[in-house]
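Visitor:
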Amino acid sequence: MRGMSLSIKGSEEMKFHELKREEVESQLQTSTQRGLTTEEAEKRREKHGSNELMQDKLPSAWIVFFHQFKDFMVLVLIGATIVSALMGEYIDAAAIFAIIIINGLLGFLQERKAEKSLQALKQLSAPQSLVLRDGEWKKVQSAHIVPGDVLKFTAGDRIGADVRLAETIDLEIEESAMTGESVPVEKHALPLREDAPGLGDMKNMAFMGTLVTRGSGVGIVTAIGMKTAMGNIASMLQQAGQTETPLQRRLEQLGKILIAAALFLTLLVVVIGLAQGHELYTMLLTGVSLAVAAIPEGLPAIVTVALSLGVQRMIKQKAIVRQLAAVETLGCTTVICSDKTGTMTQNQMTVTDAWSGGRHWQISGKGYVPKGKFFEGTTEISPSSEKSLYQLLTFGLLCNHAELKTKENEFIIQGDPTEGALLTAALKAGLSREQLSHTFTIEKEFPFDSKRKRMTVIVRDDKGSRFAVTKGAPDVLLKKCDFVLWDKKREVFSAPYQKQTEEMLQALAGRALRVIAIAYKPLQEESRANESTDVEEGMTFIGMQGMIDPPRPEVKKAIAECRQAGVKTIMITGDHKETAAAIAKDLGLANKSSQILDGQALSELSEEELEKAAEKTSVYARVSPEDKLKIVRALQNNGHIVAMTGDGVNDAPAIKAADIGIAMGITGTDVAKEASSLILANDHFATIKAAVEEGRNIYENIRKFIRYLLASNVGEILVMLFAMILAMPLPLVPIQILWVNLVTDGLPALALGLDKAEDDVMKRPPRHPKEGVFARGLGWKIISRGFLIGAATLGAFMIVYNGESDNLVYAQTVAFATLVTAQLIHVFDCRSEKSVLARNPFGNMYLIAAVISSFLLMLAVIYIPQLQVIFHTVPLEAREWLLVMGMGALPTFLLAGSLFARKRK
Ligand code: ATP
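In this note's numbering, the protein residues as written are 3 to 907.
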């Protein structure tokens, strides 16, 4: 077992599974009490390297650069360079070659940027582990784990390295990634004596990449990276999603159609040109330039850049995209299904009410600050003198793993916030875990999970008596109790007591409080306690604690904005129906009880009935994670595009099935994150809304530059085609067409990719996911604008040319300037789906800068003598500039005017 070994002192191989915990600690020079120091961890990291199986390296810069030249279009251009050189047209050859290089460089820079940001994205969603360093549990990137580190993991975590287990509570690990066996294996922390057991028999080891399905554990890292058992098996790296989006694929197909169309038109121009008596060489070069003009070769690169820049904006808003395709789907979302606790609420639970045997107490205080007073009615009381209250608080602390810490003068909870609230309430009464540990020992635990909705511990007190304490959802626990503590006496839980308890539960839940009930059961020495069912029956109900978890402040507004955008919000919670209803009302989600469905009612519905009910339901209460999958399916069958949040292991199927699976960044388990396409770094509902908005914006921006680039291309082809049909000389010299296409067009297109959203982007209904690239009139806009640009350019050319061959170079320069100007004005039209007048032209400063620099580049070509030779241009005078400006503005002016006239009618 090479994977099991590590030599700290360069000693011989160790078989960690055979050693006792203390021996493992001493071998690895670490302690399960304090872990490694940060300094020691740094040293070990230098020595042993990063805890990674394989490193994804960026392709080398050279490869990316040469990649730019494998395009069909570039090959055509290289052909053109060779033809020009052979014909002795060295200036043309050099110019075309320079343009190829400039184009290659631009493509290279764009691709490099996109690659880098994708890489950074991977880093952001890299797995983390809970590691003991300097005596404190800290979340660190799993890549930074070193041998000797002490790790803690619970259900839903992936193990970050190979560990020898030091403590386990009901730990079960699914090791199918390693052994192919999908049944989870029970683990323990005792030394093994068998000789060379197989991986599947290593019950006291946990392996990198395997999944905790139940319970929790602590382990000492024995091997990292390629030295782990997984490293031996190697190459089982989970890839984070595909990198090509549906739109990119569609554009690729579209590109092929455009190439065919472009080649056909080009051929047409060449044939007509030859028939009209133009020279073969000129027509060949014109053909090449036109083909280049017509093929939107820059499009895929700009789409990638726009997507990756959008993704970076999302990161700033705390939404981490794991699959690029999600960016597009986000814009189509019609329903957001969100967890309540922590996503819509603050996950800052504070116990405000306690109730036992018909008596009701209030507890003051805010958040997790362990200071507060106890009242019965308006009278302050001392909790230690109220036996039943004190017992309720004590048991709430016994059945509890949360820890209270201070961070930057704030009290925070490590662990489950529900348990944090119970802990804080107990601390307010002067109780402490330290103090309880003198009297009580926990012998066993049946952990909490969202399906059971309860947790039980078996406790032995200092007198040797054994009993079980259970805390959990009151409606679940009530069914498990045959007795009740009333007036310090144990009574049969008869109907009148039950009725009073239920009434209190309704009252507390109706105030949006999460209610936790607490029960216990004395156990005989000989009674079985192996399974939870052995003890969670015939219990005695002690009382309830009600805790408030206030809604996050921005959620109400975000829900309202989603509604305006045609996106419905649905709250899904494991909490009680009344609690959920009260919060939903606060958030403006549901007012009528018919909009609320609980898990019980849901389980009685058939698939069709659920589909029907799903349309009007806004809140699902007391549902288990498995129900989420049913809800996703029902909504999808109704034609919805569903975004679904989740954090636990059991949420993963629903997250995977949803169109947009969203995992919580803070509270989410590794499994949930792996299944997701989007991670909320701050667990916040408003972030989902922001991501939907950004998704819509990115898509709109992509439409903007598709429109701009294609309309420009159409304009260029048409001007040449019309000229040939009208038996005119060439209005543009080939090298000018190349220049416009490969140099001046690119910057404004990129700047459109950075445009801000139109004001009404969240006031429109969601886009249909099957909608084509040219939907909503985009195709017509491209052709009509392209036609106008072509006509204006040809018009300017004809006016100056006037049938005199002496005027030709002049007229060609004017046509060149008019084409560029018309495009640079048209780019502002592309910013809105409505009209050029709809937006402030100075709203996108990148675009202003891009337009100015493209214009300056054009001036350089016209006025710098050396460039004049290459580009066949001559300086223009004021009169011609007036014509250029007038004709350049004409297409946009005509469109704005016609729109204005239509509106007045
Ligand atoms: P939401 O679904 O809104 O995010 P949630 O995920 O916190 O809520 P669950 O964790 O599934 O909901 O909890 C379901 C119910 O189980 C709660 O309403 C509560 O009554 C009970 N519960 C929650 N946490 C614990 C715990 N640590 N121990 C015992 N019972 C708990």
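Beta carbons: idealized from backbone N, C-alpha and C, even for Gly.
Using CA coordinates, which residue listed in 157, 802 and 174 is at the minimum distance from residue 884?
Guide: It is 802 whose Cα lies nearest to the Cα of residue 884.
Visitor: Compute the Euclidean distance between the alpha carbons of residue 43 and residue 228, then round it to the nearest angstrom.
Guide: The alpha-carbon atoms of residue 43 and residue 228 are separated by roughly 18 Å.
Visitor: Which value, in whole angstroms, describes the spacing of the CA atoms of residue 704 and residue 334?
Guide: For residue 704 and residue 334, the distance between alpha carbons rounds to 15 Å.
Visitor: Please look up how many angstroms separate the CB atoms of residue 697 and residue 792, rounded, as I've assumed it's under 8 Å.
Guide: Not really, about 35 Å apart at Cβ, beyond 8 Å.
Visitor: Apply the 10 Å Cβ neighbour rule to residue 146 and answer buried if 16 or more other Cβ atoms are within range, or exposed otherwise.
Guide: Buried is the call here.
Visitor: According to DSSP, is residue 217 helix, strand or coil?
Guide: Residue state, collapsed to three classes: strand.
Visitor: Using the DSSP secondary-structure output, state which residues sit across from residue 545 in a beta bridge.
Guide: According to DSSP, residue 545 bridges with 520.
Visitor: Assuming the contact rule is C-beta atoms closer than 8 Å, residue 952 and residue 686 should be a hit. Round their C-beta distance to whole Å, please.
Guide: Residue coverage of the chain in this structure runs from 3 to 907, which leaves residue 952 outside it and unanswerable.
Visitor: Quick one: give me the first and last residue of the alpha helix (DSSP H) that residue 798 is part of.
Guide: Residue 798 -> alpha helix (DSSP H) spans 780 to 803.
Visitor: To the nearest angstrom, how far is it from the Cα of residue 601 to the Cα of residue 505?
Guide: Going from the Cα of residue 601 to the Cα of residue 505 covers about 21 Å.
Visitor: Please state whether DSSP places residue 487 in a helix, a strand or coil.
Guide: If DSSP states are grouped into helix, strand and coil, residue 487 belongs with the strands.
Visitor: Cβ of residue 475 within 7 Å of any heavy atom in ligand 1?
Guide: Within the cutoff, so yes.
Visitor: So residue 382 is in the beta strand (DSSP E); what residue range does that whole segment cover?
Guide: From DSSP, the beta strand (DSSP E) with residue 382 extends over 381 to 383.
Visitor: Verify whether the separation of the beta carbon atoms of residue 922 and residue 82 is less than 8 Å.
Guide: No answer is possible for residue 922: the residues shown for the chain start at 3 and end at 907.
Visitor: Note down the Cα distance separating residue 313 from residue 161, rounded to an integer number of angstroms.
Guide: Cα-Cα distance, rounded: 29 Å.
Visitor: Flag residue 572 as yes when its Cβ comes closer than 7 Å to any non-hydrogen atom of ligand 1, and as no otherwise.
Guide: Answer for residue 572: no, Cβ out of range of ligand 1.
Visitor: Going by the C-beta, is residue 420 closer than 7 Å to any heavy atom of ligand 1?
Guide: Under cutoff, so the answer is yes.
Visitor: Label residue 769 either buried or exposed according to how many other C-beta atoms from any shown protein chain fall within 10 Å of its C-beta, with 16 as the threshold for buried.
Guide: Flag for residue 769 reads buried.
Visitor: Should residue 373 be counted as a contact of ligand 1 given a C-beta to heavy atom distance under 7 Å?
Guide: Because no heavy atom of ligand 1 lies under 7 Å away, the Cβ of residue 373 does not count as near it: no.
Visitor: Give me, in chain order, the residues of the same chain whose beta-carbon lies closer than 8 Å to that of residue 541; leave out the 5 immediate sequence neighbours on both sides.
Guide: Cβ neighbours of residue 541 beyond the five flanking positions: 470, 472, 479, 482, 483, 484, 485, 521, 522 and 523.
Visitor: For residue 101, which residues from the same chain have a beta carbon less than 6 Å from its beta carbon, with the 5 sequence-adjacent residues on both sides left out?
Guide: Around residue 101: 740 and 744.
Visitor: How long is the line joining the alpha carbons of residue 722 and residue 294, rounded to whole angstroms?
Guide: Going from the Cα of residue 722 to the Cα of residue 294 covers about 13 Å.
Visitor: Could you give the first and the last residue of the continuous beta strand (DSSP E) run that contains residue 848?
Guide: That residue, residue 848, is in no beta strand (DSSP E); its alpha helix (DSSP H) goes 847 to 865.
Visitor: DSSP on residue 889, reduced to helix/strand/coil?
Guide: Three-state result, residue 889: helix.
Visitor: In chain order, which beta strand (DSSP E) runs of at least 3 residues are fully inside the segment 544 to 616?
Guide: List check, beta strand (DSSP E) in window: 570 to 574 and 598 to 600.
Visitor: Contact check, residue 32 vs residue 152 under 8 Å by CB: the rounded distance?
Guide: About 6 Å separates the two Cβ atoms, so the contact holds.
Visitor: For residue 221 versus residue 134, is the C-beta distance shorter than 8 Å?
Guide: Cβ atoms of residue 221 and residue 134: not closer than 8 Å.
Visitor: Any idea what DSSP makes of residue 316, helix, strand or coil?
Guide: Three-state DSSP puts residue 316 in a helix.
Visitor: In angstroms, rounded to a whole number, what distance separates the CA positions of residue 525 and residue 448?
Guide: Whole-angstrom Cα-Cα distance: 15 Å.
Visitor: Could you give the C-beta distance for residue 844 and residue 816, rounded to a whole number, given that I count them as a contact under 8 Å?
Guide: Actually they are not in contact, since the Cβ atoms of residue 844 and residue 816 sit about 28 Å apart, beyond 8 Å.
Visitor: Roughly how many angstroms separate the alpha carbons of residue 617 and residue 669, rounded to a whole number?
Guide: Going by the C-alpha atoms only, they are around 29 Å apart.
Visitor: Tell me whether residue 902 sits in a helix, a strand or coil according to DSSP, three-state version.
Guide: Reduced to three states, the DSSP call for residue 902 is helix.
Visitor: Given that a residue counts as buried once 16 or more other Cβ atoms are within 10 Å of its Cβ, and exposed if not, what is residue 847?
Guide: Exposed is the call here.
Visitor: Is residue 1 near residue 690, with beta carbons less than 8 Å apart?
Guide: Not covered by the structure: residue 1. The range shown for the chain is 3 to 907.
Visitor: Can you tell me which of 578, 249 and 841 puts its alpha carbon nearest to the alpha carbon of residue 762?
Guide: That would be 841, whose Cα lies nearest to the Cα of residue 762.
Visitor: Residue 664 to residue 149, Cα distance in whole Å?
Guide: Residue 664 and residue 149: Cα-Cα distance of roughly 33 Å.
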